[in-house]
Amino acid sequence: IKMIKVAPSILSADYVNLQKSIEEVDKAGAEVLHIDIMDGMFVPSISYGPNWVKAIRPITNMELDCHLMIENPERYIDVFAKNGADLIGVHVEATQHIHRALQMIKNHGVKAEVVINPGTPVSLIEPILYMVDQVLVMTVNPGFGGQKFIPETIEKIAELNKLRNEKENLNFEIEIDGGVNDKTVVKAYEAGANVAVAGSYVFDAPDPAERINAIKKATDF
Ligand code: DX5
Ligand code: ZN
């Protein structure tokens, strides 16, 4: 079966009943749990920190995908790795030293991801693509849930897909994040996306499991 992997973002979950929300999406077959870390500097919002990863780690076997929206993320890589992250994503726009940041992640034996904002070209990350397990193509400007998918980002997914098909040393998955639902996911999947983050579409629904299935069904071709 093909189908995209689904990564519900707990940014839109019910924080006082977080365990219930996590168990619900876990049961529904979500492969990945997306954890959005916002520092109030790189993005306007402040969300939650590494202690949340520590608290969540024992209650699920889903892959914990930590999306660091933090200035100079190098400062926090160690603690996220120690607290149980399976994958750590760093924005190329947030550090002067993306190569070093990715090296730090890999040294912990954690999957390394580079993230690009909608205004950032693929060419900027080409020199480090050989290092990463995943590229996250932001399909909205980071900082808030519930925004509208930016269709122009599809071109960058296609470009990354082409690069990984052409070059033998490239072996990454492509993740999309922002404004994802059962409609917007289709073109992104066709262009080569492997993992779909979905926050409000999943957690603002009465039945999150139904929404996870809808994304999977939409990409079952
Ligand atoms: C945005 C975050 C996203 C967010 C997506 O800054 O990176 O992960 O939770 O929310 P939706 O799916 O509602 O656009
Ligand atoms: Zn995110």
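Numbering (UniProt numbering), first residue to last: 9 to 229. Beta carbons are placed, not taken as given, at the ideal position from N, Cα and C, and that holds for glycine.
Proximal residues to residue i (C-beta, below 6 Å), its chain only, five neighbours per side dropped
i: Val-33; result: Pro-16, Pro-216
i: Ile-62; result: The question names Ile, but residue 62 in the sequence shown is Lys. Excluding positions up to five away in sequence, the list reads Asn-91.
i: Asp-190; result: Ala-222, Ile-223, Ala-226
i: His-107; result: Ile-136
Any non-hydrogen atom of the ligand DX5 closer than 7 Å to residue i Cβ
i: Phe-180; result: no
Cβ shell of residue i (< 7 Å), same chain only, five flanking positions each side left out
i: Ser-208; result: Ser-20, Gly-153, Gly-154
i: Met-49; result: Glu-79
i: Gly-186; result: Met-146, Thr-147, Val-148, Gln-155, Phe-157
Element boundaries [beta strand (DSSP E), containing residue i]
i: Ile-182; result: 181 to 185
i: Val-118; result: Per DSSP, Val-118 belongs to no beta strand (DSSP E) and is neither H nor E.
i: Asp-73; result: 71 to 77
i: Ala-206; result: 203 to 206
Residue interval of the alpha helix (DSSP H) (run including residue i)
i: Ile-45; result: Unbroken run through Ile-45 is the beta strand (DSSP E), 40 to 46; no alpha helix (DSSP H).
i: Leu-95; result: Leu-95 -> not in any alpha helix (DSSP H); beta strand (DSSP E) instead, spanning 95 to 99.
i: Ala-222; result: 216 to 226
Rounded straight-line distance, which links the Cα of residue j to that of residue i
i: residue 230; j: Asn-221; result: Since the displayed the chain opens at 9 and closes at 229, residue 230 lies outside it and no answer follows.
i: Asn-177; j: Val-24; result: 44 Å
i: Val-192; j: Lys-13; result: The sequence given here has Thr at residue 192, not Val. Going from the Cα of Thr-192 to the Cα of Lys-13 covers about 15 Å.
i: Ala-213; j: Ile-54; result: 24 Å
i: Glu-30; j: Leu-72; result: Per the sequence presented here, residue 30 reads as Ile, with Glu not at that position. Looking at the two C-alpha atoms, the distance is approximately 11 Å.
i: Val-87; j: Leu-76; result: 12 Å
i: Arg-83; j: Pro-159; result: 33 Å
i: Asn-169; j: Lys-224; result: 20 Å
i: Asn-149; j: Ile-43; result: 16 Å
CB-CB length for residue i against residue j, believed under 8 Å
i: Glu-167; j: Val-130; result: 5 Å
i: Leu-171; j: Ile-136; result: That belief does not hold up - the Cβ atoms of Leu-171 and Ile-136 are roughly 12 Å apart, past 8 Å.
heavy atom of the ligand ZN below 7 Å from residue i C-beta
i: His-116; result: no
i: Val-205; result: yes
i: Ser-29; result: no
Own chain residues within Cβ distance below 8 Å of residue i, not counting five before or after
i: Asp-94; result: Glu-71, Leu-72, Asp-73, Val-118, Lys-119
i: Asn-173; result: none
i: Ile-165; result: Val-145, Ile-182, Ile-184, Ala-196, Ala-199, Gly-200, Ala-201
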